[in-house]
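Remember, this note's numbering sits 3 above the position in the sequence shown when you count from 1.
We treat Cβ as the ideally placed atom computed from N, Cα and C, and that holds for glycine.
Okay, structure first, notes after.
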Amino acid sequence: MVERLQSEGHQVEQEPMIIIKRSTEAPSEVKANPFYDAEIWGRAQTPEEVYLPESDEAISFALAAHEIGHLVKEGERIDASLDNYEATRAEEERAWQKGWPYMARYLTEYYTDHPEAASEIIEKYGAIRELMMKTVEISRSMYLPEGSLDGLTSEEQEFKLRQQREKFMAEHGSEIMDIFTEIKSNKSGQLVNWERYVAVTKKAIADIIQDNERIKEA
Numbered sequence: 004m005v006e007r008l009q010s011e012g013h014q015v016e017q018e019p020m021i022i023i024k025r026s027t028e029a030p031s032e033v034k035a036n037p038f039y040d041a042e043i044w045g046r047a048q049t050p051e052e053v054y055l056p057e058s059d060e061a062i063s064f065a066l067a068a069h070e071i072g073h074l075v076k077e078g079e080r081i082d083a084s085l086d087n088y089e090a091t092r093a094e095e096e097r098a099w100q101k102g103w104p105y106m107a108r109y110l111t112e113y114y115t116d117h118p119e120a121a122s123e124i125i126e127k128y129g130a131i132r133e134l135m136m137k138t139v140e141i142s143r144s145m146y147l148p149e150g151s152l153d154g155l156t157s158e159e160q161e162f163k164l165r166q167q168r169e170k171f172m173a174e175h176g177s178e179i180m181d182i183f184t185e186i187k188s189n190k191s192g193q194l195v196n197w198e199r200y201v202a203v204t205k206k207a208i209a210d211i212i213q214d215n216e217r218i219k220e221a
């Protein structure tokens, strides 16, 4: 989306505000989660609050594609929550599907010096996506029955969710950690160039914002 401002009778185009931080800068409550791993964690709630891993190129690009997929408004599941597993799973799958085309179009720009490397990233993306969705499947038991959080205060909700996480960690934590290890085995062997990575990811997000605006105006 490009915001137009009126300035002395002329329309002035203003670039969208996009802020990308390293996963190591995640909020303290995120880092307190036993499954937090800065190498494979990311989040994109709004274009102004995006966290991505400064990791291996294969992991960083896969995670970026997934997280920015949540910013795509088309087909968004706003009912995804920890008391609605099916909606959450659908939203996770949608994010993988929607985000990748935006990210993929800028791979060759990132790999200007060796464009052949882009094919490996595409291949690794498929494997990482499959493994990440496997963690979603395993986490089904962590979700509460639909509507369980209705009417509860934020403190009561957090207490109930913390109990669920602790129980899940005790019962399935090792399975999740094993998958995390498998994800890391799909590395390309090259640390991401953070500056170039952020630059192309911002372009992908800008495209998403623009497409979201078109849908809203349609």
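Alpha carbon to alpha carbon, how far is Ala29 from Asn196? Give it in angstroms, no decimals. Between Asn196 and Ala29, the C-alpha separation is close to 20 angstroms.
If you draw a straight line from the C-alpha of Val53 to the C-alpha of Ala130, how long is it? Near 23 angstroms, if we compare the C-alpha coordinates of Ala130 and Val53.
I think Met20 touches His69, with their Cβ atoms under 8 angstroms apart; what is that distance to the nearest whole Å? Not really, about 22 angstroms apart at Cβ, beyond 8 angstroms.
Based on DSSP bridge pairs, tell me the residues matched to Val53. Partner(s): Ile23 and Ala47.
Spatial neighbours of Ile124 in its chain, beta-carbon cut-off 7 angstroms, leaving aside the 5 residues before and after: Apart from sequence neighbours up to five positions away, the residues of its chain that approach Ile124 with a beta-carbon distance below 7 angstroms are Glu60, Ala61, Phe64, Leu110 and Ser191, ordered along the chain.
Exposed or buried, what is Gly259 when buried is set at 16 or more other beta-carbons lying within 10 Å of its beta-carbon? Since the first residue of the chain shown is 4 and the last is 221, residue 259 is not available in this structure.
With three or more C-beta pairs closer than 8 angstroms as the rule, is the stretch 173-180 touching the stretch 42-53? Two segments are said to touch when three or more pairs of C-beta atoms, one from each, lie closer than 8 angstroms; by this definition the stretch 42-53 does not touch the stretch 173-180.
Quick one: what's Ser84 bridged to in DSSP? According to DSSP, residue pairing for Ser84 in a beta bridge involves Asn87.
Do three or more CB pairs link the stretch 73-87 to the stretch 111-122 at distances below 8 angstroms? No contact exists between the stretch 73-87 and the stretch 111-122.
In this structure, does DSSP put Asp59 in helix, strand or coil? Here Asp59 carries a strand assignment [DSSP, helix/strand/coil].
Give a yes or no on contact between the stretch 154-162 and the stretch 96-103, applying the rule of three or more CB pairs nearer than 8 angstroms. At 8 angstroms Cβ cutoff, the stretches do not touch.
Per DSSP, what kind of secondary structure is Leu134 in: helix, strand or coil? If DSSP states are grouped into helix, strand and coil, Leu134 belongs with the helices.
Is the Cβ-Cβ distance between Ala90 and His73 less than 8 angstroms? When the beta-carbon positions are compared, Ala90 and His73 stay at least 8 angstroms from each other.
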